[in-house]
Structures are given as C-alpha cells and as structure tokens.
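Here is the structure we will look at.
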Amino acid sequence: MSDGLFGPIFARGEAAAEVTDVAWLQAMLDAEAALAKACADSELIPRAAADAIAVACRAELYDIDAIGVAAAQSLTPVVPLVEALRREVGTDHAEHVHFGATSQDVIDTAAMLVAKRALRPLVADVLAVRAALAMLADEHRLTPLIGRTLLQQAEPTTFGLKAASWFSGVADAAYELVIADESGLLAAQLGGPVGTLAAFGDKAFDVAEAFANHLELDDPFISWHTARNRPADLAAAIGVLSGALSKVALDVALMSQNEIGELREASGPGRGGSSAMPHKRNPVASVAILAIGKRIPNLVATVLGAMAQEHERGAGSWQAEWEPLSQLLALSGAQLAWARELVEGLEVDVERMSDNLEAAVLAIGGDPGEIDVGSAPALVERLLSDALEED
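Counting in the numbering used here, the sequence shown runs from 49 upward without gaps.
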C-alpha cells in the first residue's frame with residue numbers, strides 16, 4: 049500500500065496503519081511473547097525466559113528490511129525473525145524462543161491480530177455510516193422522489209426509502225465484521241509442525257488456551273493450518289460490505305449529475321475540482337468508494353482461491369493470502385472512511401427532487417397533486433424500528 053502519492057485516497061482512515069510492515073512485525077513478536085508466557089504458565093520454560101522474551105519482542109529492535117531479504121530463503125519471515133529474537137534475548141534464554149511452534153502458527157496468529165486491530169477503526173466507521181444512513185432515512189421518509197429502474201424514471205417513492213435500502217444493505221453486510229470478536233472468527237493458531245501440539249505433552253490444551261488468552265483471541269481447539277475458513281470468511285465479509293458501500297456511492301454519483309441534481313457531496317476548498325474544467329464539482333468521495341470497490345473483489349477471489357491447501361501445510365496457497373488480506377483490510381478501512389465522509393456530509397436538495405418528480409408525473413399525463421408513494425414511509429419506520437430493537 050502506498051502511503052505517499054496514492055495513500056490519502058486508498059489508505060484513508062486508521063485501518064491502514066494497522067497493516068503496515070511494522071504492524072505485522074509487532075504482531076508476530078506479540079505472538080512469540082504470548083507463546084513464551086503460555087509455556088511459562090505451564091512450567092514448560094522458565095518464567096525468567098518468558099520475561100526476557102517479552103522484553104525483546106519490540107518491533108523497533110529489529111531490521112525489517114533485513115528480515116524481509118532473509119525471508120526469501122525460507123519463504124517465511126518467521127525464520128529470520130526467530131533467529132534475530134534469539135540473538136536479542138541472549139544465550140541464556142535463546143533455546144526457549146519459539147518453543148513448540150511452527151512458522152505458520154506465528155504468521156496466522158499475527159494475521160488475526162492485525163485483523164483485530166484494523167477492525168477497530170473499521171467497525172467504528174461502519175457504525176457511524178449506519179447511524180448517518182438511519183438519520184437520512186428517518187429525516188426523509190416523507191420526501192417524495194421519482195424512482196428509477198433500468199436508469200429510467202419509474203414510479204414515485206421517497207428518498208427516505210432509498211436511504212433505508214442503503215442502511216439495510218450496509219448494516220447487513222457489516223454484521224460479520226462487527227461481531228468478529230464475539231463470533232470466533234479471530235482465532236489464535238497453535239499446532240506445532242503438523243498440528244499435534246506434540247512439544248507441549250500433556251500440557252498441550254493448557255498452553256493453547258493460555259496462548260489465545262494472552263492475545264485476547266479465540267481458542268479454536270484445533271489448528272486450522274490448512275482449513276482456511278477464517279481468512280476466507282474475513283475476506284468475503286469485506287467483499288460483501290464493499291459491494292454495499294459501492295451501491296450507495298453509485299446512487300449518490302448518479303443523483304449528483306447536473307441533469308438530476310438531487311444530491312451533492314459536502315463542499316470545501318478545492319474539493320471536487322478539475323484540472324481542466326473549473327466549473328465542475330466532482331463527487332470525489334463517491335468516486336473513491338467506487339474505485340476501491342473495483343479492487344476489492346479480485347483480492348477476495350485470491351483468498352478464496354487459496355482455500356484448497358495440501359495436507360498439513362499449504363505450498364503456495366497459504367503464502368498467497370498474506371498481502372491480499374492486508375490490502376483488503378486497508379482498502380476496506382479507506383472505503384469506510386470515504387463512506388462516512390460521504391453520508392455524514394451529504395446535501396439533499398428536496399426542492400430538486402420535487403421538481404424532477406413533478407416533471408416525470410406530468411410527462412405521463414398524471415396529476416402532480418395526487419402523487420402516491422405507497423407504503424414507503426411505513427416501510428422506513430418499520431425498518432428503523434426493527435433495527436433499534438436488534439441493537
């Protein structure tokens with residue numbers, strides 16, 4: 049992810065900071081520290097060793113570039129990281145570093161930690177988007193609007209019902225991410241070389257449970273080295289949410305066209321400007337959301353395509369997940385930051401909606417004084433009432 053030229057567009061919001069190289073390195077080190085503590089809890093390694101390892105598990109102590117270069121020799125950054133960590137803790141405790149674990153335990157656990165940390169700002173933004181859409185729906189449940197099907201004028205509805213449809217799509221799509229912590233999606237990974245926890249002997253279950261608890265992750269009870277539901281579920285949830293946000297952005301962009309003019313994005317100095325046409329006011333947030341929405345599905349497909357993995361360790365498919373997962377979290381965070389900005393600042397031109405509706409009714413020989421929006425207001429009220437009860 050670029051943090052310079054394109055970062056303010058595609059790495060917007062706070063989630064991107066949680067998937068950087070430094071964030072991944074710290075998450076791997078957090079996993080190593082938690083492993084040492086869990087082993088010490090079961091008296092498999094000395095407490096002094098666990099304490100020394102924890103002190104050494106700080107990302108600033110390590111050369112990320114050197115670890116990355118060395119990782120090409122083993123196809124995992126964990127191998128050179130463990131070597132560096134052993135040097136850092138010194139000969140007295142080096143043998144207790146990475147006790148009983150395999151590289152995949154560390155990377156998969158780090159992936160779940162990175163996801164957990166990135167989801168915090170992401171969920172905060174999606175809840176804000178949800179609240180803003182609910183407010184729009186409630187405020188405009190009686191605001192008449194011409195409905196459009198196949199991009200053509202159809203029958204009257206209300207802007208509140210359109211906003212309620214946006215609300216429903218985003219709220220439903222966000223559910224899996226909002227409850228990720230409680231649902232068991234974010235789980236630690238600890239199985240050892242082939243998932244048997246062999247190094248821990250009769251303390252295996254205690255170590256696995258303590259490891260997850262130290263990291264505040266779910267204990268999956270069995271390793272998921274080649275059962276890739278968790279990263280796939282996470283990717284799929286991000287993909288569905290992206291589609292729901294893109295739907296909102298597309299509608300706003302279409303309704304912001306000069307010929308329609310029913311909605312406008314928030315204005316500001318230089319916002320929506322054109323290098324060649326100074327009269328333009330482009331819907332920049334909508335365009336950014338749509339641009340991100342074009343990128344996310346292919347990344348989701350990569351993670352889903354990596355689910356079928358060989359025996360007890362994937363040869364290529366597991367490795368293919370790492371960067372797409374990071375990119376999905378960063379892009380989803382950016383898309384939500386743009387979406388929050390869009391819906392919280394959206395300007396609704398009620399008069400223009402009325403003018404367009406009347407013109408459409410007159411064009412088919414109808415009476416603008418007898419516009420029927422059906423049960424639209426009642427549908428909005430019921431949807432919002434049900435949503436409040438669920439909350």
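The beta-carbon is built from N, C-alpha and C at its ideal position, and this holds for glycine as well.
Asked: Can you name the start and end residues of the alpha helix (DSSP H) that Arg10 belongs to?; Found: Past the boundaries of the shown model lies residue 10; the chain is included only from 49 to 439, so the question cannot be answered.
Asked: For a minimum of 3 consecutive residues, which ranges assigned as the beta strand (DSSP E) are wholly contained in the stretch 186-226?; Found: 192-197 and 200-206
Asked: Specify the secondary structure class of Ser322 as computed by DSSP and reduced to three states.; Found: With a pLDDT of 47 at Ser322, under the threshold of 50, the modelled position of that residue is not reliable, and the figure given next carries that caveat. It is coil, neither helix nor strand.
Asked: Out of Ala280, Ser402 and Ala172, which one is the CA nearest neighbour of Arg388?; Found: Ala172
Asked: Around the C-beta of Glu66, are 16 or more other C-beta atoms found within 10 angstroms, so that it is buried, or is it exposed?; Found: buried
Asked: Roughly how many angstroms lie between the CA atoms of Ser322 and Glu307, to the nearest whole one?; Found: With a pLDDT of 47 at Ser322, under the threshold of 50, the predicted position of this residue should be treated as unreliable, though the coordinate-derived value follows. So the alpha carbons of these two residues sit roughly 19 Å apart.
Asked: For Ala363 and Ala100, I'd like the C-alpha separation in whole angstroms.; Found: 34 Å
Asked: Is DSSP giving Val396 helix, strand or coil here?; Found: strand
Asked: Tell me the residue span of the alpha helix (DSSP H) that contains Arg134.; Found: Val126 to Val137
Asked: Under the rule that 16 or more other beta-carbon atoms within 10 Å means buried, what is Phe23, buried or exposed?; Found: This structure gives no information on residue 23, because the portion of the chain shown stretches from 49 to 439.
Asked: Return helix, strand or coil for Leu167, following the three-state DSSP convention.; Found: helix
Asked: For the alpha helix (DSSP H) that Gly287 lies in, which residues bound it at each end?; Found: Asn277 to Met303
Asked: State the Cα-Cα distance for the pair Ser315 and Ser304, rounded to the nearest angstrom.; Found: 13 Å
Asked: Is the Cβ-Cβ distance between Cys87 and Gly148 less than 9 Å?; Found: yes
Asked: So, do the stretch 280-296 and the stretch 348-367 have three or more beta carbon pairs nearer to each other than 8 Å?; Found: yes
Asked: Below 9 Å between beta carbons: does that hold for Thr124 and Leu263?; Found: no
Asked: Hey, how far is the Cα of Ala182 from the Cα of Glu313?; Found: 18 Å
Asked: Using a Cβ-Cβ cutoff of less than 6 Å, which residues in the same chain neighbour Glu257 once the five nearest sequence positions on both sides are dropped?; Found: Asp267
Asked: Which residues bound the alpha helix (DSSP H) around Asn261?; Found: Ala252 to Leu263
Asked: Sorry if obvious, but does the Cβ on Phe259 come closer than 8 Å to a heavy atom of the ligand MN?; Found: Of the ligands one can find in the structure shown there are none, so the ligand MN has no counterpart to examine.
Asked: In angstroms with no decimal places, state the Cα-to-Cα distance between Ala236 and Ala246.; Found: 17 Å
Asked: In or out: Pro345 buried (at least 16 other Cβ within 10 Å) or exposed?; Found: exposed
Asked: Under DSSP, the alpha helix (DSSP H) around Cys443 begins and ends at which residues?; Found: What is shown of the chain runs 49 to 439, which leaves residue 443 out entirely.
Asked: I need the boundaries of the alpha helix (DSSP H) containing Ser116, first residue and last residue.; Found: It is worth fixing the name first, because residue 116 is Gly in this sequence and not Ser. Start and end: Ile112 to Ala119.
Asked: Hey, quick one: how far does the alpha helix (DSSP H) through Asn346 stretch, first residue to last?; Found: Val332 to Gly353
Asked: Between the beta-carbon of Gly232 and the beta-carbon of Lys295, is there less than 9 Å?; Found: no
Asked: Label Asp250 either buried or exposed according to how many other C-beta atoms from any shown protein chain fall within 10 Å of its C-beta, with 16 as the threshold for buried.; Found: exposed
Asked: For the alpha helix (DSSP H) holding Leu234, just list the boundary residues, first then last.; Found: Note, Leu234: premise wrong, no alpha helix (DSSP H); not H, not E.
Asked: Who are the Cβ neighbours of Ala297 in its own chain at under 6 Å, not counting the five residues just before and after it?; Found: Ser334, Ile337 and Leu338
Asked: Am I right that Arg276 and Gln357 are in contact with their C-beta atoms under 8 Å? What's the rounded C-beta distance?; Found: 6 Å
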